[in-house]
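Worksheet for the structure shown next.
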Amino acid sequence: MTALMPKTPESTRVTLHQLMLPEHANALGNVHGGLIMKMVDEAGAIAAMRHAQRQCVTVAIDSMTFREPVHLGELLVCDARVTYVGRTSIEVTVHVHAENPITAVTTHTNSAHLVYVALGDDGRPCEVPRLVLETDEDRRAWEEGELRQKERLARRAREGRPRT
Ligand SMILES: CC(C)(COP(=O)(O)OP(=O)(O)OC[C@H]1O[C@@H](n2cnc3c(N)ncnc32)[C@H](O)[C@@H]1OP(=O)(O)O)[C@@H](O)C(=O)NCCC(=O)NCCS
Numbered sequence: 173m174t175a176l177m178p179k180t181p182e183s184t185r186v187t188l189h190q191l192m193l194p195e196h197a198n199a200l201g202n203v204h205g206g207l208i209m210k211m212v213d214e215a216g217a218i219a220a221m222r223h224a225q226r227q228c229v230t231v232a233i234d235s236m237t238f239r240e241p242v243h244l245g246e247l248l249v250c251d252a253r254v255t256y257v258g259r260t261s262i263e264v265t266v267h268v269h270a271e272n273p274i275t276a277v278t279t280h281t282n283s284a285h286l287v288y289v290a291l292g293d294d295g296r297p298c299e300v301p302r303l304v305l306e307t308d309e310d311r312r313a314w315e316e317g318e319l320r321q322k323e324r325l326a327r328r329a330r331e332g333r334p335r336t
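Read in order, the letters of the sequence shown correspond to residues 173 to 336 in my numbering.
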């Protein structure tokens, strides 16, 4: 089945760019954190859907720390790569930076790890393709992702699953 063709992280990588305008500002005149979170989730979801070739939903977002403000007039750049896959879940790491389009100076503002679940035609979790690890960086990211996923599932087990 083509949908289960193994894929490399590079083949599904996504980079979203958006110019920050006054409509994206918070009360201090910098970019609103919620907008950054939305764009991070969007970039992550696209990478996950490219990997799964299925609709994917967000099941977990690890904590997000904003290291630097993003200013109006800068480009917000979200670079998303698949780092780890389970049977039906896909972890994507998104690096965010702000770029001054005139000077090309960039500032790393934050990174986030998100987990998506691929859905079958019945709306239930379905199997995803294997991730092909090509580089040492891919292998390191996989090991870290596997560890994070173990911690998330341990937390879920401790906290109990929400009623649906
Ligand atoms: C995603 C959803 C379908 C999973 O349903 P579920 O009954 O928990 O299914 P499962 O227990 O089989 O889990 C499916 C996968 O998610 C993973 N998962 C579930 N909860 C998780 C969590 N808190 N953190 C990380 N992974 C999690 C499981 O490990 C499993 O992955 P695996 O097959 O690779 O091991 C369901 O939780 C849901 O619909 N959530 C709402 C999604 C949503 O609306 N998102 C926001 C808009 S996109």
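We put the CB at the ideal spot given by N, CA and C, even for glycine. Being a predicted model, the structure only gives us computed values, none of them experimental.
Simplified DSSP assignment, three categories, for residue i
| i | result |
| --- | --- |
| T265 | strand |
| T230 | strand |
| L188 | strand |
| P241 | coil |
| P194 | helix |
| E271 | strand |
| L305 | coil |
Span of the beta strand (DSSP E) around residue i
| i | result |
| --- | --- |
| S283 | T278 to A290 |
| L176 | Here L176 belongs to no beta strand (DSSP E), and DSSP marks it neither H nor E. |
| A252 | L247 to V257 |
Short Cβ contact (9 angstroms threshold) for residue i with residue j
| i | j | result |
| --- | --- | --- |
| V264 | A224 | no |
| A215 | A270 | no |
| T187 | V249 | yes |
| L305 | P181 | yes |
| N301 | T260 | The identity of residue 301 in the sequence shown is Pro, whereas the question assumes Asn. Their beta carbons are not under 9 angstroms apart, which means P301 does not touch T260 by this criterion. |
| M236 | M192 | no |
| N272 | G245 | yes |
| R328 | D234 | no |
| P178 | L303 | yes |
Extent of the continuous alpha helix (DSSP H) to which residue i belongs
| i | result |
| --- | --- |
| E315 | D308 to E331 |
| I218 | G205 to A224 |
Residues proximal to ligand 1 by C-beta, any heavy atom closer than 5 angstroms: Counting only heavy atoms of ligand 1, the residues whose C-beta sits closer than 5 angstroms to one of them are, along the chain, V229, T230, V231, A232, G258, R259, T260, S261, V287, V289, P297, R324 and R328.
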